[in-house]
Amino acid sequence: MKNILMGPRVTLAVPRPEDFDEISDWFTDGTFIRNLDTDPARPLSGEELEQTYRNINRDTEFYFHIRTNDDDRLLGFVTIYNIDWRNQLGQLAIAIGDAEDRGQGFGTEALNLMLNYGFNELNLYKVCLDVIATNQSAIAVYQNSGFEFEGTNKRAVKRDGHREDLYNMGLFAADFQPRINFN
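Numbering (full-length UniProt numbering), first residue to last: 1 to 183.
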């Protein structure tokens, strides 16, 4: 039986306690934290992040850390959360922590692993996400993976005194075409 959580270069893995201190370092990078969420940027300790992980609703959220296959290095995290089982819908969030790891295809591979998991293991009908309009690299990855624009929350995000749009994107299981070869 194939490992549905492993791709050619990355694996979706169980979080390790020591990972949260490293993720805490990412939360001091303004670009990382401000692209991740619409909440105000603020550093979080490894302890706070681990506590957040321990408190997730395991019935409606599936959270993984992204690790390299060759050296088991932590790259980021990905989650499908707020799952509405009755309607088979889920929200997706993904982040690659270190700037030098972005743009290397790790995020695309992890995203496709998670979508495959969501559609084929969790039996979701649709996966949705929100992305700030200024995060063009993420938008390109999402579009390349099959997500389509479904709406715009105009001027919903305030950054540096400017208002930015928040895009809503979605992907149906029937439209999912994996962009990687699964092991």
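The beta-carbon is built from N, C-alpha and C at its ideal position, and this holds for glycine as well.
Inter-residue spacing [alpha-carbon to alpha-carbon] between Leu175 and Ser145: Residue identity check: residue 175 is Asp in the sequence provided, not Leu. Going by the C-alpha atoms only, they are around 10 angstroms apart.
Hey, which unbroken runs of the beta strand (DSSP E) at 3 residues or more fall wholly within the segment 77 to 143? Counting only runs of 3 or more, we get 89 to 96 and 126 to 132.
If you draw a straight line from the C-alpha of Leu166 to the C-alpha of Phe172, how long is it? 20 angstroms
In this structure, what does DSSP give as the bridge partners for Glu148? DSSP, once it has assigned bridges, lists Gly170 as partnering Glu148.
Would you kindly check if the distance between the Cβ of Ile66 and the Cβ of Leu12 is under 8 angstroms? yes
Among the candidates Phe20, Asp29, Leu36 and Asn69, whose CA atom is the shortest distance from the CA of Leu5? Asn69
Here's a check: name, in chain order, each residue in its chain whose Cβ is nearer than 6 angstroms to the Cβ of Ser45, leaving out the five neighbours to either side. Ser24
Per-residue burial, Asp95 [other beta carbons within 10 Å of its own, 16 or more giving buried]: Note on identity: in this sequence residue 95 is Ala, with Asp being the wrong assignment. Result: buried.
Per-residue burial, Val131 [other beta carbons within 10 Å of its own, 16 or more giving buried]: buried
I'd like the span of the alpha helix (DSSP H) that includes Thr31, first residue to last. Thr31 -> alpha helix (DSSP H) spans Gly30 to Leu36.
Examine the Cβ distances between the segment 123 to 143 and the segment 54 to 66 and report whether three or more of them are shorter than 8 angstroms. When Cβ pairs closer than 8 angstroms are counted between the two stretches, the segment 123 to 143 is seen not to touch the segment 54 to 66, the count staying below three.
If distances are taken between C-alpha atoms only, which option among Leu75, Ile33, Leu92 and Val127 comes closest to Gln104? Leu75
Under 7 angstroms Cβ to Cβ from Gly30, same chain only, skipping five residues before and after it: list those, please. Ala41
What number of angstroms, rounded off, separates the C-alpha of Gly161 from the C-alpha of Lys2? Straight-line Cα distance between these residues: approximately 49 angstroms.
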